[in-house]
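Input: a single structure, listed below in structure tokens.
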Amino acid sequence: MTRTSPYLAGLGLALAAAVAASPPGRALETIELKLPLVETTFSIQLAELSDPRALLSGHSDLAELDQATRGAIGRSLVDLFNTPLPLQALDVARQVVPSPLAQQALLLLSSLGGVDGLPADISSDTVLKVLDQAAGRGPLTMRGVLQAVPGRTASVDVGKGLFLLQRMNAQLLSATRLLEGTAAATTAPALRNPGPLLVRRDTLSLPVAYRPHPLEVVVIRPTQQPSGRLVAISHGLWDGPESFEGWGRHLASHGYTVLLPRHPGSDRTQQQAMLSGKVPPPGPAELRLRPLDISALIDAAANGTLGLPTGLATGSVVVLGHSWGATTALQLAGARPSSQQLLQRCNDLQDPQRNLSWVLQCSFLGGTDQAALTDPRVKAAVAVSPPMSLLFDAGAAPVFQGRVLVVSGSRDWVVPSGPEAIGPMARVARQENSGHRLVLAGGGDHFNMGSPYDQGGGPLRGLLLAWVNGAFAAGPAVGPGPGNPTLLPPDGWGDDGLSLSDVTDRLASWNP
1 MTRTSPYLAG LGLALAAAVA ASPPGRALET IELKLPLVET TFSIQLAELS
51 DPRALLSGHS DLAELDQATR GAIGRSLVDL FNTPLPLQAL DVARQVVPSP
101 LAQQALLLLS SLGGVDGLPA DISSDTVLKV LDQAAGRGPL TMRGVLQAVP
151 GRTASVDVGK GLFLLQRMNA QLLSATRLLE GTAAATTAPA LRNPGPLLVR
201 RDTLSLPVAY RPHPLEVVVI RPTQQPSGRL VAISHGLWDG PESFEGWGRH
251 LASHGYTVLL PRHPGSDRTQ QQAMLSGKVP PPGPAELRLR PLDISALIDA
301 AANGTLGLPT GLATGSVVVL GHSWGATTAL QLAGARPSSQ QLLQRCNDLQ
351 DPQRNLSWVL QCSFLGGTDQ AALTDPRVKA AVAVSPPMSL LFDAGAAPVF
401 QGRVLVVSGS RDWVVPSGPE AIGPMARVAR QENSGHRLVL AGGGDHFNMG
451 SPYDQGGGPL RGLLLAWVNG AFAAGPAVGP GPGNPTLLPP DGWGDDGLSL
501 SDVTDRLASW NP
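Numbered according to full-length UniProt numbering, the sequence shown spans residues 1 to 512.
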């Protein structure tokens, strides 16, 4: 699917939400345009935006201003109102719009002045209704969304809107530039296809001392001939094991025993309870509790509490994670959270690296001092879309005890590649060769790299299997350091849908 500026989509959704309280049946008629570099607000009819060139070729005040700026105002209007929005598929919108993270993003847009009158209680049903109506008229654009908004007048700050557009485009451009001229990995049946072993899925309960209720744990393992090797998978914010059981099934078919905990303080159940007003949002303590969940699973596997077959080796474990789960994996692999960047940058709404993941990272303030929870048994990790630019000191490269593979999507507007993956991993690459890797997924976003149990493992299955295989094959040399064997083979771990490219070797000289 074609996607352009994600912040334009956010601005469109914010406009929809901003007038959600208007009486139904009233079609939006007038747009108050606040233009950059001038103090004047221009009122135009929404119908005129169907052809901005015709509007600006006339003799109105707006047309004269455009002529005086040699077309700059006209180009801004064309960009802002007629560019296709990234939410062309409403199934993606349905995943994004109802989430509190998306609502926080809309509030951020309001605080930047992009939309006037954004209410605190955004109705996701209203937003989706607006999008459905707009999509019925053709490709989604800002103008189409406005035409579907109930109400009479909306105010748009063109300068602020373009600032958001340009900032997000810049954050995504880094991945695009790195992918240019970098060959995508091919696919090899040995990595992409399911393994020869039949697998079983069980749900277990594990009491832990630091939580009031037992952990729910999904266990996916071979029914026979297990390798005795252990992998754990940590899900993201307001998600659950079910979104990544396909990863586990693929690995289990190749002999691995895979444990997927449900982190109770930040899973889907917690989100539902929070939205109903029963519990507060996830607190900074979860930054500490999530790594403890994974370590507790390794302990239970070691002492037999989980009832797994004997012979399971727990002294060397690989942890995979997505989004917040990816941050958890990095913590276990040795990255130490710090409050320094959180204190300095969380309140700067103009920071060029600000992105949606900062909503989550800034919520960690107050929990960083207790969140350095390296587990020496975690010898390697895969971090898919990890929010980390603020959490781990931006002035220095994160220090990992385990070998780390970071995967980031080129179209991920929730955790964009530029500030959250490329910047931190470039600092890592400028150190002495450590063996950590960065793979960019061309066309990858924040929602299309996982896999439910019945969907074969998703686009990353070959890459994950290759890294896990390499980690266990390396034995004592699995850790980072010059001279240690690479964990990722040169090829064969690609995908036919997403273009997966190892860009690590370009990072040391990378100039954003």
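Yeah, the Cβ is synthetic: ideal placement off N, Cα and C, and Gly gets one too.
Nothing here was measured: the structure is a model prediction, and the numbers come from that model.
Rounded separation between residue i and residue j - CA only
i      : j      : result
Ser57  : Gln45  : 15 Å
Gly497 : Pro459 : 7 Å
Gly315 : Arg137 : 58 Å
Thr186 : Arg192 : 10 Å
Val359 : Leu297 : 29 Å
Ala441 : Gly366 : 33 Å
Thr4   : Ser357 : Any reading at Thr4 needs caution, since the residue's pLDDT is 29, under 50, leaving its predicted position unreliable; the model's value is listed next. Distance between the alpha carbons of Thr4 and Ser357: 19 Å.
Val415 : Cys346 : 15 Å
Ala335 : Ala477 : 19 Å
Gln166 : Trp413 : 13 Å
Arg205 : Ala466 : First, the residue type needs correcting, since residue 205 is Ser and not Arg in the sequence shown. Their backbone Cα atoms lie some 30 Å apart in a straight line.
Gln133 : Pro281 : 32 Å
Trp324 : Val384 : 9 Å
Ala421 : Leu390 : 11 Å
Gly304 : Asp491 : 38 Å
Lys299 : Leu308 : The sequence shown places Asp at residue 299, not Lys. Approximately 12 Å, taken between the alpha carbons.
Val320 : Leu172 : Correcting the residue type first, residue 320 is Leu in the shown sequence and not Val. Those two C-alpha atoms are separated by around 24 Å.
Gly144 : Gln344 : 39 Å
Ala471 : Trp238 : 29 Å
Ala184 : Met449 : 16 Å
Ser253 : Trp493 : 16 Å
Leu500 : Gly423 : 19 Å
Cys362 : Leu342 : 6 Å
Asn169 : Pro419 : 12 Å
Asp293 : Leu251 : 21 Å
Leu464 : Asn484 : 20 Å
Nearest to residue i (by Cα), restricted to the options the options
i      : options                        : result
Arg506 : Val231, Arg437, Phe472         : Arg437
Ala175 : Ser410, Ser266, Arg201         : Ser410
Pro482 : Ala429, Asp202, Val503, Asp495 : Ala429
Gly462 : Ala188, Gln361, Asn355, Phe81  : Ala188
Leu306 : Arg403, Leu287, Leu215         : Leu215
Asp495 : Gln171, Gly444, Gly402         : Gly444
His263 : His446, Val217, Val384, Leu391 : Val217
Asn469 : Glu245, Gly450, Ser205, Pro489 : Pro489
Gln225 : Asp502, Gly423, Leu390, Gly311 : Gly311
Pro196 : Ala183, Arg221, Arg177, Val317 : Arg221
Leu289 : His254, Val404, Thr328, Arg268 : Thr328
Thr374 : Ile233, Phe400, Asp157, His446 : Phe400
Asn511 : Ala426, Ser339, Ser266         : Ala426
Thr269 : Phe81, Asp369, Pro207, Gly236  : Gly236
Ser339 : Phe364, His322, Pro352, Ala333 : Phe364
Pro376 : Phe392, Ala333, Leu405         : Ala333
Pro261 : Gln272, Gly283, Ala508, Ser295 : Ser295
Asn433 : Thr486, Ala285, Thr368, Val382 : Thr486
Buried or exposed by the 16-neighbour rule on C-beta atoms within 10 Å, applied to residue i
i           : result
Leu330      : buried
Tyr256      : buried
Leu349      : exposed
Asp202      : exposed
Ser243      : buried
Pro387      : buried
Ala209      : exposed
Arg200      : exposed
Asn355      : buried
Val454      : The question names Val, but residue 454 is Asp in the sequence shown. Per the 10 Å Cβ criterion, exposed.
Gly475      : exposed
Lys278      : exposed
Leu198      : exposed
residue 572 : Nothing about residue 572 can be read from this structure; the chain reaches only from 1 to 512.
Thr30       : exposed
Pro480      : buried
Pro291      : buried
Glu180      : exposed
Pro337      : buried
Thr223      : exposed
Asp157      : buried
Thr141      : buried
Asp369      : exposed
Residues that DSSP places opposite residue i in a beta bridge
i      : result
Val407 : Val384, Val439
Glu216 : Ser205, Arg262
Trp493 : Thr187
Arg200 : Arg221
Leu500 : Ala441
Ala63  : Partner(s): none; Ala63 has no beta bridge.
Val231 : Val258, Val318
Can you list, in chain order, the stretches of the alpha helix (DSSP H) that have 4 or more residues and sit fully within the stretch 318 to 352? The qualifying runs are 324 to 332, 340 to 345.
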